[in-house]
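Chemist:
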Amino acid sequence: MTHTTALTDLVVKMADDELILGHRNSEWTGLGPVMEEDIAFSSMAQDKIGHAWALYKILQEELGGEQADHFAFTRPEKAFKSSHLVEMPNGEYDFSLMRHFLFDQAETIRYESLQDSSFEPFRLLSKKIKGELKYHTLHANAWILQLSGAGEESYLRMQLALNNTIALAAGIFEAAPDEDEDMLVSGKVYPGETALYYRWLDRIYSILATTGLKMPATDTIVPVYGGRRGLHTEYLQPLLNEMGEVFNVDTEASW
Numbered sequence: 000m001t002h003t004t005a006l007t008d009l010v011v012k013m014a015d016d017e018l019i020l021g022h023r024n025s026e027w028t029g030l031g032p033v034m035e036e037d038i039a040f041s042s043m044a045q046d047k048i049g050h051a052w053a054l055y056k057i058l059q060e061e062l063g064g065e066q067a068d069h070f071a072f073t074r075p076e077k078a079f080k081s082s083h084l085v086e087m088p089n090g091e092y093d094f095s096l097m098r099h100f101l102f103d104q105a106e107t108i109r110y111e112s113l114q115d116s117s118f119e120p121f122r123l124l125s126k127k128i129k130g131e132l133k134y135h136t137l138h139a140n141a142w143i144l145q146l147s148g149a150g151e152e153s154y155l156r157m158q159l160a161l162n163n164t165i166a167l168a169a170g171i172f173e174a175a176p177d178e179d180e181d182m183l184v185s186g187k188v189y190p191g192e193t194a195l196y197y198r199w200l201d202r203i204y205s206i207l208a209t210t211g212l213k214m215p216a217t218d219t220i221v222p223v224y225g226g227r228r229g230l231h232t233e234y235l236q237p238l239l240n241e242m243g244e245v246f247n248v249d250t251e252a253s254w
């Protein structure tokens, strides 16, 4: 694999996660537990789809990829590299909130590492979206703390949500084959998935310690992998069908 191909693989993984979770979060519009959360989840969904679009544009303009909208909406399921975490249905609000917390902390860790990337488009994008990521993590942290301390039932639901999402979230850090990732690490594009994973664990441990929620021991977490290799949950294809329904009526239309 060439350096460009390895870099393309990384960009696609990042963008696909953002796109799919953005659409999942948008499904809360009109259904949030309070009006403020309707607005918050809708706003964060828009941000995530915007991040995906920016990454697809990097793919198109810097790495010889397809036109961004075509790439986002016309690929077959197996060509997507999204993690299983983002594909899962929203379920109850506790699951969506815990996914939001774990994913946005992972995303923040990733973009923090890209501020010093040798790949200039990563550096520029990380600076551009820094403020949005700060808002996302502040929102998630505040709600995790509030609901974990809102009584026994609320605490137990948040603990169960953590138990049910932690292995899925660990799957965000599924790495490319060693030689491909080594190419990006040695080229100072980013630190690699293992390094990011342990930074993420440190970050979420420190936050969860303030909530009373119990994190499983690191060596007991078995990450759910497969999405980066095109092996997806049963939930992705129906979402892709819905997501691309209008665009695929006429893929050459000018909007």
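So for the sequence shown, numbering that gives the first Met the number 0 puts the first residue at 0; every next one is plus one.
Idealized CB from N, CA, C, for every residue including glycine.
Tell me which residue opens and which closes the alpha helix (DSSP H) that Trp-142 is part of.
Modeler: Run containing Trp-142: 129 to 147, per the alpha helix (DSSP H) assignment.
Chemist: Just mark Glu-308 as buried or exposed, buried being the case when its beta carbon has 16 or more other beta carbons within 10 Å.
Modeler: Not covered by the structure: residue 308. The range shown for the chain is 0 to 254.
Chemist: Does the distance from the CB of Thr-164 to the CB of Met-97 come in under 8 Å?
Modeler: Against a cut-off of 8 Å, the Cβ pair of Met-97 and Thr-164 comes out as a contact.
Chemist: Of all the options Glu-151, Gln-114, Tyr-110, Lys-187, which has the alpha carbon lying nearest to the alpha carbon of Trp-199?
Modeler: When each option's Cα is compared against that of Trp-199, the closest is Tyr-110.
Chemist: Only counting runs of 3 or more residues, tell me where the beta strand (DSSP E) segments fall wholly within the segment 38 to 70, in order along the chain.
Modeler: Fully enclosed beta strand (DSSP E) runs of 3 or longer: not present.
Chemist: Return the first residue and the last residue of the alpha helix (DSSP H) that Phe-94 is part of.
Modeler: Residues 92 to 113.
Chemist: Taking Ile-203 as part of the alpha helix (DSSP H), name the residues at either end of that continuous run.
Modeler: It spans 192 to 207 - the alpha helix (DSSP H) in which Ile-203 sits, taken as one unbroken run.
Chemist: In terms of residue numbering, what span does the alpha helix (DSSP H) encompassing Asn-162 cover?
Modeler: Per DSSP, Asn-162 belongs to the alpha helix (DSSP H) from 151 to 169.
Chemist: Kindly give me the distance between the Cβ atoms of Leu-84 and Leu-167, rounded to whole angstroms, as I take these residues to be in contact under 8 Å.
Modeler: Indeed they touch by this definition, with Cβ atoms about 4 Å apart.
Chemist: Grab me the residues of Gly-148's own chain with a C-beta within less than 8 Å of its C-beta, minus the 5 sequence neighbours each way, in chain order.
Modeler: Excluding residues within five positions, the ones whose Cβ falls inside 8 Å are Tyr-154, Thr-210, Gly-211.
Chemist: Could you tell me the boundaries of the alpha helix (DSSP H) in which Thr-219 lies?
Modeler: Run containing Thr-219: none; DSSP gives neither H nor E here.
Chemist: What residue from Leu-113, Pro-75, Val-10, Ser-205 has the CA that sits closest to Pro-237's CA?
Modeler: Per the Cα distances, Pro-75.
Chemist: Can the beta-carbon of Asp-181 be found less than 8 Å from the beta-carbon of Asp-8?
Modeler: It is not a contact, given that the beta carbons lie outside the stated cut-off.
Chemist: Looking at the secondary structure, which residues open and close the alpha helix (DSSP H) in which Asn-24 lies?
Modeler: 2 to 25 is the extent of the alpha helix (DSSP H) around Asn-24.
Chemist: By Cβ distance below 6 Å, which residues in the same chain neighbour Ser-112 in space, the five residues on each side in sequence not counted?
Modeler: Tyr-189, Pro-190.
Chemist: Using the Cβ count rule (16 or more neighbours within 10 Å means buried), how would you classify Gln-114?
Modeler: That one is exposed.
Chemist: Quick check: the Cα distance between Glu-151 and Asn-240, rounded to an integer number of angstroms?
Modeler: Roughly 40 Å separates the two Cα atoms.
Chemist: Go through its chain and collect everything with a Cβ distance to Thr-217's Cβ below 7 Å, but skip five positions before and after it.
Modeler: Answer for Thr-217: Leu-200, listed in chain order.
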